[in-house]
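Quick notes on the structure that follows.
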Amino acid sequence: GERITPKSRTFIPAKVQDNPILIKAGYVATLQAFPEPLRSQMLYGDWRAGRQDSEWQVIPTEWVRLAQKRWANTPQPACNCTAIGVDVARGGNDKTVIVRRFRNWFAPVDSFPGQVTPDGDTVAAQVLRVCAPPHQGMPYGPINVDAIGVGAAVVDALRRYPRLMGVRVNPVIGSAGTEHTDESGLMHFCNQRAENWWRMRELLDPKNGHDICLPADAELKADLCAPTWQPTPKGIKIESKEDLIERLGRSPDKGDAAVYAAIQSNAAEVSEGLLAKVRGY
């Protein structure tokens, strides 16, 4: 007997076929004559049709969509992890995310609430838990870890594990400088964060033929398509993680971890002196 007064309204997209009155009126034929993208929007209720990326979006949405489509039809390669990317939670609602890459094939994302990964040893244990045993005795590929804040402790903890003896654990510090250029050799980068994200863009570019396969994870797709870039006198600059968090209302942890997993080994080498500077932040 209680009367509930709604405080909001929810729009539920529908197809014209859901309305028998419009079907009887011949409205379908009218909608079929509409130009795209209005035709798909009105006829199928697909309001994503016609949505355009920002001209400054780092990774075009269509490239990610193609990579996820390939993943569904591509089995995991029979090899050990080529590389592992670890984005460490920095508190609040952040998540610790681990992404494993097998050549051009990215495994489903492993994600843990920041509350259950409060220190370096705990994160290191989760990394070892999600990593399958080495394939045919082959060693693990490099483990690329976001080394800001507690991430420095994760690097130290992973290096102490006997099981990982001989495995390169690379601290990734986005603010570090880099002398590398994009694949054209013409554009420089402001820092390693810019280089890492731009490399992911180049890997996903269909014309480069890398055929990257990404799991069908909506949040991963949103994260990879979120950052924007701008040209500066120092080179390509990628939107900072702090600005992304403010704009999105959450941390793009899955996208960052995937980018770390895509880092080439030579680009992941950061001096121990630089790592020492960020310890204890």
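All residue numbers for the sequence shown refer to this note's numbering, where the first residue is 921 and numbers rise by one. The beta carbon of each residue, even a glycine, is placed where N, CA and C say it ideally should be.
Cβ pair residue i, residue j closer than 8 Å
{"i": "Asp1041", "j": "Ala1077", "result": "yes"}
{"i": "Asp1039", "j": "Ala1073", "result": "yes"}
{"i": "Leu1144", "j": "Ile979", "result": "yes"}
{"i": "Ile1018", "j": "Gln1046", "result": "yes"}
{"i": "Val1029", "j": "Pro1172", "result": "no"}
{"i": "Val936", "j": "Leu963", "result": "yes"}
{"i": "Gly1005", "j": "Ala1138", "result": "no"}
{"i": "Arg1113", "j": "Ile1165", "result": "no"}
{"i": "Val1087", "j": "Val1075", "result": "no"}
{"i": "Asn1128", "j": "Glu1122", "result": "yes"}
Exposure label - residue i; buried when at least 16 CB within 10 Å
{"i": "Trp1118", "result": "buried"}
{"i": "Asp1163", "result": "exposed"}
{"i": "Gly1200", "result": "Below a pLDDT of 50, predicted positions are generally treated as unreliable, and Gly1200, at 43, falls in that range; the measurement from the model is reported next regardless. By the 10 Å Cβ count, Gly1200 comes out exposed."}
{"i": "Phe1022", "result": "buried"}
{"i": "Lys1161", "result": "buried"}
Nearest candidate by alpha-carbon position, reference residue i, set the options
{"i": "Thr1016", "options": "Gln1184, Ile1183, Thr950, Gly1175", "result": "Gly1175"}
{"i": "Glu975", "options": "Ser1171, Pro1147, Gly1069, Ala1178", "result": "Pro1147"}
{"i": "Lys1133", "options": "Ala1027, Gln972, Val1070", "result": "This sequence places Cys at residue 1133; Lys is not what is there. The residue with the shortest Cα to Cα distance from Cys1133 is Ala1027."}
{"i": "Gly1097", "options": "Ala1138, Cys1110, Pro1091", "result": "Cys1110"}
{"i": "Asp1102", "options": "Leu1048, Met1120, Thr930", "result": "Met1120"}
Residue i Cβ short of 7 Å to the ligand MG heavy atom set
{"i": "Ile1156", "result": "The ligand MG is absent from the structure shown, which contains no ligands of any kind."}
DSSP bridge partner residues for residue i (one or two, in chain order)
{"i": "Val1075", "result": "Answer is none; Val1075 lacks a bridge partner."}
Where residue i falls: helix, strand or coil (DSSP)
{"i": "Lys944", "result": "helix"}
{"i": "Cys1133", "result": "strand"}
{"i": "Pro933", "result": "coil"}
{"i": "Gln1035", "result": "helix"}
{"i": "Lys927", "result": "coil"}
{"i": "Asn1116", "result": "helix"}
{"i": "Ile1158", "result": "strand"}
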